[in-house]
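Scroll down for the structure; my scribbles are underneath it.
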Amino acid sequence: MQEQYSVAQYVADLRRITAETEDENEIFKQVGPLAQRLAGKEDWIDERYFTPDEETGFSAFLLHEEDDHRLTVLAASWAPGMGVGPHDHGTWAVVVGVQGAERNIRYKRLDDRSNPEHAELEIKEESVAGPGDLVCIRNGGIHSVRNDSDDVTLSLHTYG
Numbered sequence: 685m686q687e688q689y690s691v692a693q694y695v696a697d698l699r700r701i702t703a704e705t706e707d708e709n710e711i712f713k714q715v716g717p718l719a720q721r722l723a724g725k726e727d728w729i730d731e732r733y734f735t736p737d738e739e740t741g742f743s744a745f746l747l748h749e750e751d752d753h754r755l756t757v758l759a760a761s762w763a764p765g766m767g768v769g770p771h772d773h774g775t776w777a778v779v780v781g782v783q784g785a786e787r788n789i790r791y792k793r794l795d796d797r798s799n800p801e802h803a804e805l806e807i808k809e810e811s812v813a814g815p816g817d818l819v820c821i822r823n824g825g826i827h828s829v830r831n832d833s834d835d836v837t838l839s840l841h842t843y844g
C-alpha cells in the first residue's frame, strides 16, 4: 500500500524545514524530495488544474499560502506552445513536473543591475522537466518556462 501524503502534510513539513534553516541548499535538499513525493500523488489534483486560461495560456491554482506570504504552494498549468519569458520570483522556488514536459531555461545576468527595467542575459542552462523531475531556483535566479508540447502541462510550485 502506498503511504498517504497530503498538501497539509507537505505544508507542515515546509514550515518545519524553513523554521530550521534559511540555507537554500539545505532547503532544496529537504524540500525537493517531499515536493516530488506530493507531485506523485493524485488525490490533491483537481481536473480544473488542467484547464489553462484561454487568453493567457496559463493558470495558477493556489493550494496554500501563509498569511505573511512567506510560503506558497500552487499548481500551474500551461497550454501547448505557451510560456513566460525571463523572470525571477524574488524568492527560492522548488518546481516538480506532474504532467507533460516544460522547457526551463536559466540565465546568467551580465549587467550591473543598475537599471530595473533592463537586464542583459545569456543562457546558462536549458533542461526539460517532465513528471517527477525537480527544478530548484535560487532567490534572484532568472529563468523562463515554455510548454513546447501538444498537451497541457501541470507542475507543482513551492515558493519560500
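In this text, residue positions in the sequence shown follow this note's numbering: the first is 685, and each later residue adds one.
Cβ coordinates follow ideal geometry from the N, Cα and C atoms, glycine included.
First through last residue of the alpha helix (DSSP H) which encompasses residue i
i	result
I711	708 to 723
Buried or exposed by the 16-neighbour rule on C-beta atoms within 10 Å, applied to residue i
i	result
V812	exposed
A692	exposed
L746	exposed
H841	buried
V710	Val is not the amino acid found at residue 710; the sequence shown has Glu there. Counting Cβ neighbours within 10 Å, E710 comes out exposed, since fewer than 16 surround it.
T705	exposed
E786	buried
Residue of the options minimising C-alpha distance to residue i
i	options	result
D727	E704, D795, A777, Q688	Q688
C820	Y843, E806, Y733, L805	Y843
E731	G824, A759, G816	A759
G826	D835, T775, K725	First, the amino acid is wrong: residue 826 is Ile here, not Gly. With distances taken between Cα atoms, I826 lies closest to T775.
Residues of its chain near residue i, where Cβ-Cβ distance is below 6 Å and the 5 sequence neighbours each way are ignored
i	result
R721	Y689
V779	V819, S839, H841
Close beta carbons around residue i, own chain, < 7 Å, minus the five adjacent residues each side
i	result
L794	E804, L805, E806
P815	G781, V782, Q783
Span of the beta strand (DSSP E), counted from its first residue to its last, around residue i
i	result
L747	742 to 749
Q688	Taken as a continuous stretch (DSSP letters only), Q688 belongs to no beta strand (DSSP E), as it is neither H nor E.
S828	826 to 830
N794	For the record, residue 794 in the displayed sequence is Leu; it is not Asn. First-last for L794: undefined, no H or E at that position.
V782	777 to 783
Checklist entry - Would the segment 777 to 797 and the segment 745 to 753 be scored as touching if the rule is three or more Cβ pairs under 8 Å? => result no
Checklist entry - Does the segment 764 to 771 come within contact of the segment 820 to 832, defined as at least 3 CB pairs closer than 8 Å? => result yes
Checklist entry - Does the count of Cβ pairs from the segment 725 to 741 and the segment 795 to 803 closer than 8 Å reach three? => result no
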